[in-house]
Amino acid sequence: MSVDLHCHSNVSDGRLAPADLVRRAAARGVDLLALTDHDELAGLEEAQVAAREVGIGFVNGVEISVTWRGKTVHVVGLGIDRSDAALAAGLARVRSGRTRRAQAMAHSLARAGIRGSFEGALALAENPAMIGRTHFARHLAATAVVATPAEAFRHYLVPGKPGYVPHDWAALRDAIGWILGAGGQAVLAHPGRYAFSAGALHALIAEFCALGGRALEIETSNHSADQVGLFTALARHFGLCASCGSDFHAPDEGAEFGALPGIALPVPSIAETWRS
Ligand code: AMP
Ligand code: MN
Ligand code: MN
Ligand code: MN
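So in my numbering, spot 204 of the sequence shown is number 228, and the numbers just go up one at a time.
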C-alpha cells in the first residue's frame with residue numbers, strides 16, 4: 025500500500041488544481057492520499073470528490089505555518105473536520121499577513137536590484153491570499169534571475185539573503201489546538217529541514233508531544249537514510265507514530281508522488297488510522 029500524507033495544490037503553493045493532483049497521485053500508485061495545503065482548506069472538497077472518482081483513499085489535511093523560538097516550523101494536521109469554525113478562523117489569521125510580507129520581500133529584492141517581483145509572484149499565485157516564497161522562486165526562475173526555483177532559495181528568500189523577511193506565524197500551541205479541536209491528529213513535518221541544534225530539536229519534539237502532537241514525518245522526499253534512522257529513534261523515544269509524505273508541489277519541481285522508499289519502520293504508522 026502506497027501512502028502519501030503530505031502534498032500541495034494550487035490553493036497554496038502547488039501548481040496543480042486539487043483534482044489534477046489527486047489524479048496524478050493515483051496514476052503514480054498512491055492508494056491513500058492527504059492534501060495538506062499551507063494554512064488553507066479550500067482544496068479539500070474538490071480533492072475528496074476526485075479521490076472517490078479514481079477510487080483511492082483520501083484524508084483531509086492542512087500544513088500550518090508555526091513560529092517556534094523565532095524560526096518557522098510546519099505542523100501537518102490530518103483527519104481534520106474541514107468545516108470546523110475555530111480551525112478556519114485560526115488559519116484565516118495565519119494567512120492574513122502574507123500580502124504585506126510579500127510586499128516587504130519585493131522591497132528587499134528591489135534593494136538588491138530585482139524589480140517587479142511582487143507583481144511577478146502574484147501573477148503566479150492562483151490563490152493571491154496565499155502568495156509565498158515559492159511563487160517568488162518561480163518568478164525569479166521564469167525571469168532568468170536564477171536558473172531554477174531551487175537556486176532562488178539558495179541565493180534569495182532564506183535568512184541572511186535578499187528577499188527574506190522574518191514573519192510571525194501561528195504559535196505551536198495554537199496550531200496543535202486547532203488541529204485537535206477539529207478532530208485531527210498533529211504531525212511535525214519534515215524535521216530534517218529545520219536548522220536547529222540537536223538540543224533545540226529535542227525540545228521542539230518534547231513540547232510538540234506535551235501539547236498533544238501524535239506523529240513525526242519520517243519519510244519525506246528530502247530526508248536522507250541517516251535522517252530516517254535518527255527520526256525513527258526519536259519517534260520511539262517520544263512514543264510518536266511515523267507519518268510519511270512526498271511534499272509534492274509541482275511536476276519537475278523536486279518531490280514526486282510514488283517515489284518514497286516505503287520502509288517498514290519499527291514504530292506504528294499514523295496511516296493505520298485510515299486504512300480499511
Ligand atoms: P512560505 O510559507 O511562503 O515561507 O514558503 C514556504 C515554502 O517554500 C515551503 O513550503 C516550500 O514549498 C518552499 N521552500 C522553502 N525552502 C525551500 C528550498 N530550500 N527549496 C525549495 N523550496 C523551498
Ligand atoms: Mn510549500
Ligand atoms: Mn513544509
Ligand atoms: Mn509541505
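For glycine and all other residues, C-beta sits at the position ideal for the given N, C-alpha and C.
- Phe-177 has its Cβ nearer than 7 Å to a heavy atom of ligand 1.
- Shown here, Ile-203 sits in a helix according to DSSP, grouped into three states.
- Ranked by Cα distance from His-191, the first of Phe-262, Ala-126, Ala-279 and Pro-173 is Ala-126.
- It is roughly 32 Å from the alpha-carbon of Asp-271 to the alpha-carbon of Arg-135.
- Distance from the C-beta of His-32 to the nearest heavy atom of ligand 2 is below 7 Å.
- Taking the Cβ of His-62 as the reference point, at least one heavy atom of ligand 1 falls within a distance shorter than 7 Å.
- In the DSSP assignment, Thr-123 falls within the unbroken alpha helix (DSSP H) covering 122-135.
- Taking the C-beta atoms as reference points, Gly-286 is found nearer than 8 Å to Ser-26.
- In the three-state reduction of the DSSP assignment, Ser-141 falls in the helix class, which pools H, G and I.
- Per DSSP, the continuous beta strand (DSSP E) segment holding His-98 begins and ends at 95-102.
- Contact residues of ligand 3 (beta-carbon closer than 6 Å to any heavy atom; chain order) are Glu-87, His-98, Ala-213 and His-214.
- Setting aside the 5 residues that flank it on each side, Ala-149 is surrounded in the same chain by Ile-155 and His-159, each with a C-beta closer than 6 Å to its C-beta; the list follows chain order.
- Between the segment 131-147 and the segment 228-247 there are fewer than three inter-stretch CB-CB distances shorter than 8 Å, so the stretches are not counted as touching.
- Separation of the CB atoms of Ala-43 and Glu-70 is rounded to 5 Å, and the pair is thereby assigned contact status at 8 Å.
- Of the other Cβ atoms in all chains shown, 16 or more fall within 10 Å of the Cβ of Asp-61; this residue is therefore buried.
- Under DSSP, the beta-bridge partners assigned to Cys-268 are Glu-243.
- Ligand 2 has a heavy atom closer than 7 Å to the beta-carbon of Asp-37.
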